[in-house]
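Chemist: My numbering applies: residue 9 is where the sequence shown begins, and numbers increase by one. Got a structure for you, written out below as structure tokens; questions coming shortly.
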Amino acid sequence: MFDIIIPTYNNLEELKQCLSGLENQTYKNFKVFVCVDGSKDGTIEYLSDASFNFEMQFITHPGNENKGRNETRNLAINKLACKYLLMLDSDIIPSADLLKNHYELLNEKDCISVGEVIYTNSGENIWAKYLETRGKGKYRNLQEMPAYYLNTQNAAMLSEYYVKSGGQHPLLSRNYGGDDTEFGYRIGKEFDIPAVFNKNACGYSFLEKSLKKALQQMEEFGRYNLKIIREIHPEFKEIFNFNLLKENNIKSVIIRSLLRKDFAGLLKFPIDFLPDFLSLPAVHFLVFYSICKGYKSAEAEK
Numbered sequence: 009m010f011d012i013i014i015p016t017y018n019n020l021e022e023l024k025q026c027l028s029g030l031e032n033q034t035y036k037n038f039k040v041f042v043c044v045d046g047s048k049d050g051t052i053e054y055l056s057d058a059s060f061n062f063e064m065q066f067i068t069h070p071g072n073e074n075k076g077r078n079e080t081r082n083l084a085i086n087k088l089a090c091k092y093l094l095m096l097d098s099d100i101i102p103s104a105d106l107l108k109n110h111y112e113l114l115n116e117k118d119c120i121s122v123g124e125v126i127y128t129n130s131g132e133n134i135w136a137k138y139l140e141t142r143g144k145g146k147y148r149n150l151q152e153m154p155a156y157y158l159n160t161q162n163a164a165m166l167s168e169y170y171v172k173s174g175g176q177h178p179l180l181s182r183n184y185g186g187d188d189t190e191f192g193y194r195i196g197k198e199f200d201i202p203a204v205f206n207k208n209a210c211g212y213s214f215l216e217k218s219l220k221k222a223l224q225q226m227e228e229f230g231r232y233n234l235k236i237i238r239e240i241h242p243e244f245k246e247i248f249n250f251n252l253l254k255e256n257n258i259k260s261v262i263i264r265s266l267l268r269k270d271f272a273g274l275l276k277f278p279i280d281f282l283p284d285f286l287s288l289p290a291v292h293f294l295v296f297y298s299i300c301k302g303y304k305s306a307e308a309e310k
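Below you can see the structure in the form of structure tokens.
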């Protein structure tokens, strides 16, 4: 009933835990495609010899090249044969009933089933804590939300939607960010379906990324992929609140004023000492600031 696509790059130990979690699924009717993005850490050797209680096939780029997550996930697009597709990241350990809960929702409703991801170290990692509040984190269980809140860490849909859409956009594969947002927006628009937060379809992950690294990636996104998405979808005004830079309402004026000052620098120092009700909005501002900084640097180079 399910094809599962798992892209992976040089994270063999996490991949082993992910596959072990799939062996423990209460719902057994699935096949796994592990799409290898030029890994050099023994992943191919491991997959060549490993055996599981489910059918698994691994796929690589010609010459075992590294091409980025989107092009790597798309390696499986011509191999999908099941009714449903689960997209799962290789650092996610699925709960035993993850597939079962995705199946039950998709069998009832035409939608994108966006599963929960719980970061086991969110108590110590401010970036992990912040991520748990964004996108699907703003919604109740089984509540509809915009399709652009899709997160391919753990999301399921009819396989035909993925195939007919051409999969994830290859132009967004080389640089960081926005690929899931663009894909969800395109799927929702083309097939007129919502995303639904499926909290019970749960996976777990340990997030090593620091806030500093995350903000660097947000700046990279603003510099490269945001421009591409705006060119592909000029009508997509909601993306990462970018409309705030263009509008003339009071909120937009205040935001633009703060961006012109060194307000972001003032926020970075005390953020680890702030309570959640202050630290999380501060991180949100820093994310927006970093995206805008990257976008403006790209504009200045024209």
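No residue lacks a Cβ here, since even glycine has one placed at the ideal position from N, Cα and C.
Touch check for the region 213–226 and the region 140–152: three-plus C-beta pairs under 8 Å?
Modeler: no
Chemist: Going by the beta-carbon positions, is the gap between GLY230 and GLY302 smaller than 8 Å?
Modeler: yes
Chemist: Between GLU190, PHE60, ILE236 and ASP45, which lies nearest to GLU307 when the distance is taken from Cα to Cα?
Modeler: ILE236
Chemist: Which residue from LEU107, GLU243, CYS43 and LYS221 puts its Cα closest to that of VAL291?
Modeler: LYS221
Chemist: Looking at C-alpha atoms only, which residue of SER59, GLU21 and ILE12 is the closest neighbour of LYS91?
Modeler: ILE12
Chemist: With ALA163 as the anchor, note down where its beta strand (DSSP E) starts and where it stops.
Modeler: 162–166
Chemist: Does the region 161–173 come within contact of the region 75–94, defined as at least 3 CB pairs closer than 8 Å?
Modeler: yes
Chemist: Based on the DSSP secondary-structure assignment, which residues constitute the bridge partners of ASP99?
Modeler: According to DSSP, ASP99 bridges with nothing at all.
Chemist: Check whether the Cβ atoms of PHE38 and PHE10 sit closer than 8 Å, and answer yes or no.
Modeler: yes
Chemist: List the DSSP bridge partners of LEU93.
Modeler: For LEU93, which the question treats as bridged, DSSP gives the partners ASP11 and MET165.
Chemist: Kindly confirm or deny that the region 66–74 and the region 97–106 touch, where touching means at least three C-beta pairs closer than 8 Å.
Modeler: no
Chemist: Below 7 Å CB to CB, which residues in the same chain sit around TYR157 once its five sequence neighbours on both sides are set aside?
Modeler: VAL122, GLY143, LYS144, GLY192 and ALA203
Chemist: Kindly identify the DSSP beta-bridge partner or partners of GLY211.
Modeler: PRO102 and VAL125
Chemist: Are ARG81 and MET95 closer than 8 Å when you measure CB to CB?
Modeler: One thing to note: ARG81 has its Cβ within 8 Å of the Cβ of MET95.
Chemist: Can you list, in chain order, the stretches of the beta strand (DSSP E) that have 3 or more residues and sit fully within the region 32–57?
Modeler: 38–44
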